[in-house]
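Sequential numbering of the sequence shown, starting at 1, is according to my numbering. Positions of the beta carbon are idealized from the N, C-alpha and C atoms, including for glycine. Have a look at the structure below before the remarks.
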Amino acid sequence: MLSLYQHGELVPCGPVGKNLTVAAYAVSERKTILVKDLEMDSRFPKGISPKPMRDCSVLCVPVVLPSADTVGVIEFTRDHLKPPFCEGDIQLIHAVVSWMAACIHENGLKRILDTQHELNEFLLEITKDLFKEITCVDRVANTILHFTKDLLHADRCSMYLVEEEQSKLYVAYEDTGTVDANGKDVYDKKRVHDLHAVDIIAWEAIENGKTVNIYDAYEDERFDQESDTKLGYHTKQILCMPIRNREQVYGVIKIINCLHHDRFTHADEEYFSLFSDYCALALHYSKIYSLLYQQQNIYKVAVDVLQYHIVCNEDEVMSLQETPYIEDEAIPENFFSPEFYAYYHVERLPQLFIYITTDLFGEDTFEMEKLCRFILTVRKNYRSVTYHNWEHGFHVAHALWLMIKANDDIFTKFEKMALIIGGICHDLDHRGYNNDFFRKFDLPLAALYSTSVMEQHHYKQTITILHTDGQDIFSFLNGPQYKEMLELLREHIISTDLALYFQNQKEASKRLEEGTFDMNDHASRSCCKALMMTAADLCAVSKPWITQEETVDRLYNEFYMQGDEEKKRGITPIPMMDRENSKDQPKQQVGFINFICIPLYQTLSQILDGVHHYLVGCEENMEMWKLLAEQRA
């Protein structure tokens, strides 16, 4: 379509093609047309537009940009009183038009760069807002509307955002034509339940996903003229653009009345389309940040509720605080032996733990009220599973206590604290499932922790308790000491992941064989403490046979619980976790003790005193399991 640019306005003057005007033909053929006598040339029945003049000479030169796009045509005419155009005129005009095309092209590039700069400024402003604070959608919407008006030189600008797509609920931001005290446009926000009834033009843009460009609103039947009457406004042109990405429609922007031209041009549509991509991006991330902000608040509420429920009962704290120290005659006879079995002394375990801490660190290291509250909260945060429970946690702390007492001069007070607290907390909130279970079914904990899933969760629970008011038993440490304590706790708890044991045992054995194992060496020392945690974790394997047998029953109850759950989810469990293989328990225990426990205690007994008892105990139990295996064969 050709339009005549005259007196600063574009006047439509017909289509492009042959058998029309000279200009239409020049554009369609993309070449210069020289007509010496228009009246005698039958190719152009329409002559020149818009003048009806025919007794003239015509020279039409298409303006072709370096990009090969034809943007227009320059038409020169001479009446019959002057000499017709000649080849010399063509050369001169070509030189001039070439410069014009270059200027237009450069100007276009400059406008693109300017527009891109404005878009970048828009995105930068949105990004700054997002990083500076959680930016609500309303603020982003207002920024979009301001930029849209400036970018496309529109008099009014409104936007409809999809709030609930299925129910077709929209949020409208309408330009009222008023400004605030700072001179910024004011946009009225309201909810729209039926966009089709309120603004059919905007509705069509959203439904069809296409731009709607109306040159004359009053000539378009979709336009509601009564809206102008109500607002005292005269709408001339309308340009509507959907805001969307590949997957989602966010809404639509509608601009009204172009201030620089008599209509919104194709170039305006292109800029608007590009800008709408930026708008979609801004709205997308604004919604993500708003959702994140909402989730953070939900998380804070959940943590607040959780902290209320994970903390022990205050009556229990007062009761324990009244009598924190156990009477000597109430201490179990075998408490100072690896044979101690916590399930027989459940009610006394909090006092016995306080006895352990007092024995190692004295009565003045920990604040008694905090220590009482801490140990009771730890007890509460062990779940009621058959094996990985509060009593098991106590067994581990107890075994570590015995190892430390047998090697009292080797470890610092700081290390002893980390070992004992790490031991009592090492299985906090255990659910009775192993790490593979969480990874196998892509459960949230596995997404949260890529390695040592449950061990990292146990550590996190430990930190949660230590950070809860009244439970901060390490409050007497300074900043660097506290940081070091948490790091040691993490190392000790993570080291109870049996998958890490093999490397630790291999490293320690190698150093012992080479004669390079040295407790003054950091690597050797860390390796020793990791093996201590594993040895304490598996200490039940060395207890008297009656205790060992009961413990294994508890353990297999958990194994079979996991196996049953895996079957429900369509997965065949490993033989050890399949209750249909229960007759193989003795054989499985022989393999476990022989492959893991005996090498562990053999290695550790070469490093520390007091470990040989565990080695002897597990060897005796292995013989009992062998006997049972033979009986069931």
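Just tell me which of G183, E207, E174 has its CA closest to the CA of V192. E174
Distance between Y215 and E163 (C-alpha atoms, nearest Å): Near 30 Å, if we compare the C-alpha coordinates of Y215 and E163.
For V170, report the span of its beta strand (DSSP E) as first-last. One point to set straight first is that residue 170 is Tyr, not Val, in the sequence displayed. Residues 169 to 179.
Can we say the segment 407 to 418 touches the segment 432 to 440, given the rule of at least three CB pairs closer than 8 Å? Note that the segment 407 to 418 does not touch the segment 432 to 440; fewer than 3 beta-carbon pairs, one per stretch, sit closer than 8 Å.
Using CA coordinates, which residue listed in S384, L371, R431 is at the minimum distance from I420? L371
Mind checking which residues open and close the alpha helix (DSSP H) that includes C618? 612 to 632
So, under 8 Å CB-CB, V71 and C60 are touching, yes? Tell me the CB distance rounded to an integer number of Å. The Cβ separation is near 14 Å, so there is no contact.
Note the first and the last residue of the continuous alpha helix (DSSP H) segment covering Y556. 545 to 568
In whole angstroms, give me the CA-to-CA distance for T323 and I354. 11 Å
Identity of the residues DSSP links to F476 by a beta bridge: None; F476 has no bridge partner.
State yes or no: is the C-beta of N504 within less than 8 Å of the C-beta of C527? yes
Leaving aside the five residues before and after E576 along the sequence, list all residues of the same chain whose C-beta is less than 7 Å from its C-beta, in chain order. The sequence given here places Met at residue 576; Glu does not occur at that position. Excluding residues within five positions, the ones whose Cβ falls inside 7 Å are F559, Q588.
Could you tell me which residues DSSP puts in a beta bridge with E75? C60
Is it buried or exposed for L259, if we count other Cβ within 10 angstroms and need 16 for buried? exposed
Which two residues bound the contiguous alpha helix (DSSP H) that contains K210? Going by DSSP, K210 is part of no alpha helix (DSSP H) at all; its letter is neither H nor E.
Who are the Cβ neighbours of K626 in its own chain at under 6 Å, not counting the five residues just before and after it? Cβ neighbours of K626 beyond the five flanking positions: V590.
Alpha carbon to alpha carbon, how far is N407 from S605? Taking the straight line from one Cα to the other gives about 12 Å.
On the DSSP letters alone, give me the boundaries of the beta strand (DSSP E) that K190 sits inside. 185 to 192
Which residue comes first and which comes last in the alpha helix (DSSP H) that contains L600? 598 to 605
Residue range of the alpha helix (DSSP H) that C279 falls in? Run containing C279: 266 to 310, per the alpha helix (DSSP H) assignment.
If you follow the beta strand (DSSP E) that R244 is part of, which residue opens it and which one closes it? 238 to 244
Can you tell me which of T496, I473, L486 puts its alpha carbon nearest to the alpha carbon of T451? Closest option to T451, Cα to Cα, is T496.
Rounded C-alpha distance that separates E247 from G209: Computed Cα separation, rounded: 12 Å.
Using C-beta distances below 6 Å, list every residue in its chain close to P332, excluding the 5 sequence neighbours before and after it, in chain order. H345
I356, enclosing alpha helix (DSSP H) - first and last residue: 349 to 361
Is the closest heavy atom of the ligand SAM to the C-beta of P324 under 7 Å? Judged by which ligands are present, the structure shown has none, so any question about the ligand SAM falls away.
Going along the chain, which residues of its own chain have a beta-carbon closer than 8 Å to the beta-carbon of N381, five neighbours each way excluded? For N381, where only same-chain residues beyond five positions count, the Cβ hits under 8 Å are I310, L428, D429, Q461, I465.
Leaving out five residues on either side along the sequence, give the residues of the same chain with a beta carbon under 8 Å from the beta carbon of I598. L615, C618, E619, M622
Leaving out five residues before and five after E630 in sequence, what residues of the same chain have Cβ atoms less than 6 Å from its Cβ? none
Alpha carbon of D472 to alpha carbon of R373, nearest angstrom: Per the coordinates, the alpha-carbon of D472 lies some 9 Å from the alpha-carbon of R373.
Pair within 8 Å by beta-carbon distance, H635 and C425: One cannot answer for residue 635 here, as it falls past the ends of the chain, which runs 1 to 633.
Please report the distance separating the alpha-carbon of E347 from that of H284. 56 Å
Helix, strand or coil at N504 [DSSP, three-state]: helix
What is the DSSP secondary structure of Y160, counted as helix, strand or coil? strand
Buried versus exposed, by CB contacts within 10 Å (16 or more), M318: M318 comes out exposed.
What first and last residue would you give for the beta strand (DSSP E) that runs through L195? No beta strand (DSSP E) holds L195; the alpha helix (DSSP H) holding it covers 195 to 198.
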